[in-house]
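All remarks here apply to the structure that follows.
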Amino acid sequence: ENTYDFAALEARWPAVWDELELFKPLDDGSRERRYVLDMFPYPSGDLHMGHAEAFAMGDVAARWSRLQGYDVLHPIGWDSFGLPAENAAIKRDAHPAEWTYANIETQAHSFKRYAISADWSRRIHTSDPEYYRWTQWLFTRFFNKGLAYRKNSPVNWCPKDQTVLSNEQVINGACDRCGTMVTKKDLNQWYFKITDYADRLLQDMDQLKGHWPERVLAMQRNWIGRSEGATVRFSIEAADDRPAHDVPVFTTRPDTLYGATFFVVAADTQLALDLVTAEHRGALEEYREQVKQLSEIERQSTEREKTGVFTGRYAVNPLNGEKLPVWAADYVLADYGTGAIMAVPAHDQRDLDFARAFNLPVRTVVDTGAEDPAATGTATAGEGVLVNSGELTGLDKPAAIARAIELLAAQGTGERTVNFRLRDWLLSRQRYWGTPIPIIHCATCGEVPVPDEQLPVTLPEGLHGSQLKPRGVSPLAAVEDWVNVSCPSCGGPAKRDTDTMDTFVDSSWYFLRFITPDLETAPFDTDAVNRWMPVGQYVGGVEHAILHLLYSRFFTKVLFDLGLVNFTEPFSSLLNQGQVLNGGKAMSKSLGNGVDLGEQLDKYGVDAVRLTMIFASPPEDDVDWADVSPSGSAKFLARAWRLGADVASAPGIDFAAGDRALRSATHRTLADVPELMGASKFNVVIARLMELVNATRKAIDSGPGGSDPAVREAAEAVAVLLGMFAPYTAEDLWERLGHTPGVATASLPAVEQDLLAQESVIAVVQVQGKVRDRLTVSPDITEDELRTLALASEQVSRILDGRGIRTVIVRAPKLVNIVPS
Ligand code: ANZ
Ligand code: ZN
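The C-terminal position of the sequence shown is numbered 832 in full-length UniProt numbering, with every residue numbered one higher than the one before it.
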């Protein structure tokens, strides 16, 4: 039978692969270990085209590592807690687990069909009590280290989902799940102290340079947002009903202190309420109401008219004793720096806009050569020389910054500080389908972590459907016999914390659990983890450039500090695969341009879809499904597979006597693949395989024929390399070539250096445009060498017959044209 039937191959091979356990790592030290990981999926439904792209890339990386001889760990599992399951459960009056685990089974089935070379014995689900027990265990370790704490603070609140969102989940002021504009609400929430690690998160990016996409590093750097400057303490004078008060500000420009003409506190802070005098209190309260209605993005918009109210107070400038009116405004943010600023309108545009709106003075203190900001309305931020600035006058900007800090430090009113944009990680969620926070609140003992032997704190099971509806408090709070417990410390009556964790907590350590997934005594085995980690190749979408990657990096550093791991970065190398588009646009319901993965697989076969994804472009680039040809891929696969019928020799023959041209083509391909794979040019490798298949076919049909050893050598190389992209076709071809199954773990044929020299090429020699000779030359021949050879040709001398030469045009290595005089 010589008809390529992908469905028959798909029906046959998975069971054989399972049986052979090809993808279980040996972990015996006989080979170098390599951990290749795809960002684990969320079980939202069946797999879609995006999964097909991402997981094809990760699978190619894993399969390539195996061919290179590594002992490869390539696991798969599910990030299975989260809101969609809960919303689905509410809609269908069901339990989130039903939807979640049904989807997981569907996806698992599809992943198997898609021939992901995963070790299925390591499968984990973050919503299993066996997993979240350890998420809770880790939480208690963070808590004991002072890295998990509660604070009452205004939080991002999605009025539609009725849940708190982290800063990272607010995109342009809207909920990243439902698009509703986010507002603020005061709640007592759990936080992880990621800000303690800000400097290390930044520093350790040095280890990732060159191995992570530069744009991801840039996004992380920007998110962490390190700024150098100074803290300057202003004292706010007592006023009628209010006592004096010291208020620090953070400024990157202490050199401009003499240019400060007013002072601003964020309107939505307790500080603003503490400062405001009785006379102005009403106005402030009214203003605060107005501010509450605004989204973060509106507040920060530079377009918007500046607003604010006077507090009735004055701040004293510590350098010159000047009194500055204190305003409350919304353009100063409560949670950046100290929530208060010294306003320098001449050199800060936001301050200038505010000054112009409220008729406050503008004083230039750095002469940058530009026109007066008071006149132009444009603040000047550049380099220059200090003017009107007491002791600082005459210094340039950097010198003035240094001097200002010296002066402040001498007075005890300021010092150099570094400020980060990064905020602590808000991890409390008032939802059901997540990891319960393992804390018990006791009136006597306070916050008591649940002891290890009482973990996991499992979710109460009875809740389903409308009982899960968001109400601003967790649905868990309603389950009294779950909430009411005795205090593990004093035995008195106490209550469980009813919040669950942000699912990003679950995914911040899953890569460690994969290493010892069944361990019952710890989240992971430290020795085993130290053997396998860091992940050698991590593959996933750029949408995780900040959150997931930053949180995983943070967790790893904390675990390092706890002595639980011996490395500080979890992912040595990162590949962001592109998106699958259709007609140049992301697939979406509203555009109606979605392509169903299952239909594509049914129509063209798994291998053709995989090959198409990978061949379309380098992995980082988008694939436009409207521009590709899965049927072309299927044709190529059939052509490769049919080589199996025409190789008329037995395995194990000596290739040395084979046709040299074909051998050379095979070995040149084998020699180039490592560099191409190393540079993630998977698509180029496929192009090279296409050439090799064509060359082999030609050798069979119009060359030395199917019994030539070079034909077997080429076909075997095709099978081994093709296995990375089209595992079914390659495995079947391998078997047709007489091998026992398991091409995925076959060894990569060794490159024979002496076969790499390019064949010679024919250079045509013309005299006055007429071909007079043909020379066999190296493709690398230089123009001078070729000219010399051509002029030395006997044929040419005969034609020239003593005539002189006007010009010689040389196009190495293929053409020489001689024009006689
Ligand atoms: C005086 C000054 C003069 C400033 C000047 C800038 C230019 P980055 O670089 O982003 O860290 N600032 C401080 N806290 C703020 C808050 N909570 N809300 C809004 N703005 C705040 O920015 C630091 C600068 O942003 C600080 O330096 C402060 O304004 C302002 F010619 O202080 B500057
Ligand atoms: Zn107690």
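Ideal Cβ placement from N, Cα and C applies to all residues, glycine included. Bear in mind that the values here come from a model prediction, so they are computed numbers and not experimental data.
(message) Given 7 angstroms as the limit, tell me if threonine 455 has its C-beta closer than that to any heavy atom belonging to ligand 2.
(response) Between ligand 2 and threonine 455, a heavy atom-to-CB distance of less than 7 angstroms is present.
(request) Can you grab the Cα-Cα spacing for the pair valine 819 / tryptophan 75, in whole Å? (result) Going from the Cα of valine 819 to the Cα of tryptophan 75 covers about 49 angstroms.
(message) Closer than 8 angstroms is the cut-off here; do at least three beta carbon pairs connect the stretch 397 to 411 with the stretch 175 to 190?
(response) Contact between the stretch 397 to 411 and the stretch 175 to 190 is absent, because fewer than three Cβ pairs lie under 8 angstroms.
(request) Excluding the 5 residues preceding and the 5 following proline 25 in the sequence, name in chain order all residues of the same chain whose CB lies nearer than 8 angstroms to its CB. (result) Answer for proline 25: Lys123, Arg124 and Ala126, listed in chain order.
(message) Given a cut-off of 8 angstroms on the beta-carbon distance, is the pair alanine 357 and glycine 270 in contact?
(response) Glycine 270 is positioned such that its CB atom lies closer than 8 angstroms to that of alanine 357.
(request) Taking all protein chains shown into account, decide if leucine 330 is buried (16 or more other Cβ within 10 angstroms of its Cβ) or exposed. (result) That one is buried.
(request) Could you tell me whether the stretch 535 to 548 touches the stretch 154 to 164, where touching means 3 or more Cβ pairs closer than 8 angstroms? (result) Contact between the stretch 535 to 548 and the stretch 154 to 164 is absent, because fewer than three Cβ pairs lie under 8 angstroms.
(message) Between serine 500 and ligand 2, is there a pair consisting of the residue's CB and a ligand heavy atom that are separated by less than 7 angstroms?
(response) Yes, ligand 2 has a heavy atom inside 7 angstroms of this Cβ.
(message) If the criterion is Cβ atoms closer than 8 angstroms, does the pair alanine 682 and leucine 767 meet it?
(response) Their beta carbons are under 8 angstroms apart, which means alanine 682 touches leucine 767 by this criterion.
(request) Give me whichever residues DSSP pairs with residue 852 in a beta bridge. (result) Because the chain spans 12 through 832 in this model, residue 852 falls outside it and cannot be assessed.
(message) For isoleucine 773, report the span of its beta strand (DSSP E) as first-last.
(response) Start and end: 772 to 778.
(request) With distances taken Cα to Cα, identify the nearest neighbour of residue 863 among Leu58, Val658 and Arg699. (result) Only positions 12 to 832 of the chain appear in the structure, and residue 863 is not among them; the question remains open.
(request) Would you kindly check if the distance between the Cβ of alanine 366 and the Cβ of valine 373 is under 8 angstroms? (result) Result yes, Cβ atoms of valine 373 and alanine 366 sit closer than 8 angstroms.
(request) Could you tell me whether any non-hydrogen atom of ligand 2 is closer than 7 angstroms to the CB of alanine 505? (result) Within the cutoff, so yes.
(request) Give the straight-line distance between the Cα atoms of leucine 344 and arginine 414, rounded to the nearest whole angstrom. (result) Going by the C-alpha atoms only, they are around 28 angstroms apart.
(request) Mind reading off the beta-carbon distance from valine 639 to alanine 627? Whole number of angstroms is fine, and I expect it under 8 angstroms. (result) Indeed, because the Cβ distance is near 5 angstroms, the residues count as touching under 8 angstroms.
(request) Would you check if there are 3 or more beta carbon pairs closer than 8 angstroms linking the stretch 422 to 441 to the stretch 202 to 220? (result) Enough Cβ pairs lie closer than 8 angstroms, so yes.
(request) Keeping to the same chain, check which residues put their C-beta closer than 7 angstroms to that of threonine 469; ignore five residues upstream and five downstream. (result) Result list for threonine 469: Pro140, in chain order.
(message) Please report the straight-line C-alpha distance between valine 788 and arginine 822, rounded to a whole angstrom.
(response) Spanning the two alpha carbons is a distance of roughly 13 angstroms.
(message) I need the straight-line Cα distance from phenylalanine 565 to phenylalanine 582, nearest angstrom please.
(response) Looking at the two C-alpha atoms, the distance is approximately 12 angstroms.
(request) Please report the Cβ distance between threonine 707 and leucine 786, rounded to the nearest whole angstrom; I am assuming they are in contact, meaning their Cβ atoms lie under 8 angstroms. (result) With a Cβ gap of about 29 angstroms, threonine 707 and leucine 786 do not count as contacting.
(request) With a threshold of 7 angstroms, establish whether the CB of valine 459 neighbours any heavy atom of ligand 2. (result) If you check the C-beta of valine 459 against ligand 2, you find a heavy atom less than 7 angstroms away.
(message) Would glycine 589 and aspartate 632 qualify as a contact pair, given that the criterion is a beta-carbon distance under 8 angstroms?
(response) Taking 8 angstroms as the cut-off, the Cβ atoms of glycine 589 and aspartate 632 count as close.
(message) Can you tell me whether asparagine 430 sits near ligand 1, meaning its C-beta is under 7 angstroms from at least one heavy atom of the ligand?
(response) For asparagine 430, the distance from the CB to the nearest heavy atom of ligand 1 is below 7 angstroms.
(message) Within 10 Å of its beta-carbon, does proline 409 have 16 or more other beta-carbons around it, so buried, or fewer, so exposed?
(response) Under this definition proline 409 is an exposed residue.
(request) In angstroms with no decimal places, state the Cα-to-Cα distance between aspartate 70 and asparagine 430. (result) Roughly 42 angstroms between the two C-alpha positions.
(message) Within 10 Å of its beta-carbon, does residue 10 have 16 or more other beta-carbons around it, so buried, or fewer, so exposed?
(response) With the chain covering 12 to 832 only, the question about residue 10 has no answer from this structure.
(message) Under 8 angstroms: do the stretch 54 to 65 and the stretch 495 to 502 share three or more Cβ pairs, one atom per stretch?
(response) Contact between the stretch 54 to 65 and the stretch 495 to 502 is absent, because fewer than three Cβ pairs lie under 8 angstroms.
(request) Tell me, please, whether the stretch 519 to 526 touches the stretch 135 to 150 by the rule of three or more beta-carbon pairs shorter than 8 angstroms. (result) As far as the Cβ criterion goes, the stretch 519 to 526 touches the stretch 135 to 150, which means the pair count is three or higher.
(message) Along the chain, where does the alpha helix (DSSP H) containing lysine 220 start, and where does it finish?
(response) Run containing lysine 220: none; DSSP gives neither H nor E here.
(request) Would you please state the rounded distance, in angstroms, between the beta carbons of tryptophan 148 and proline 447? I believe it to be under 8 angstroms. (result) Between proline 447 and tryptophan 148 the Cβ distance is about 13 angstroms, and since that is not below 8 angstroms, they are no contact.
(message) Quick check on the DSSP output: the alpha helix (DSSP H) that includes residue 4 runs from which residue to which?
(response) No answer is possible for residue 4: it lies beyond the span of the chain, which begins at 12 and ends at 832.
(request) Closer than 6 angstroms by C-beta to alanine 294: which residues in its own chain qualify, once you throw out the five before and the five after it? Chain order, please. (result) So the list reads Val320, once near-sequence residues are dropped.
(message) For leucine 703, tell me which candidate among Tyr739, Gly753 and Trp652 has the shortest Cα-Cα distance.
(response) Put simply, of Tyr739, Gly753 and Trp652 the residue whose alpha carbon is nearest the alpha carbon of leucine 703 is Trp652.
(message) Between the alpha carbons of glycine 40 and isoleucine 412, how many angstroms are there, rounded?
(response) When rounded, the distance between both Cα atoms is 57 angstroms.
(message) Going by the DSSP bridge assignment, what does aspartate 657 pair with across the sheet?
(response) By DSSP's assignment, aspartate 657 forms no beta bridge with any residue.
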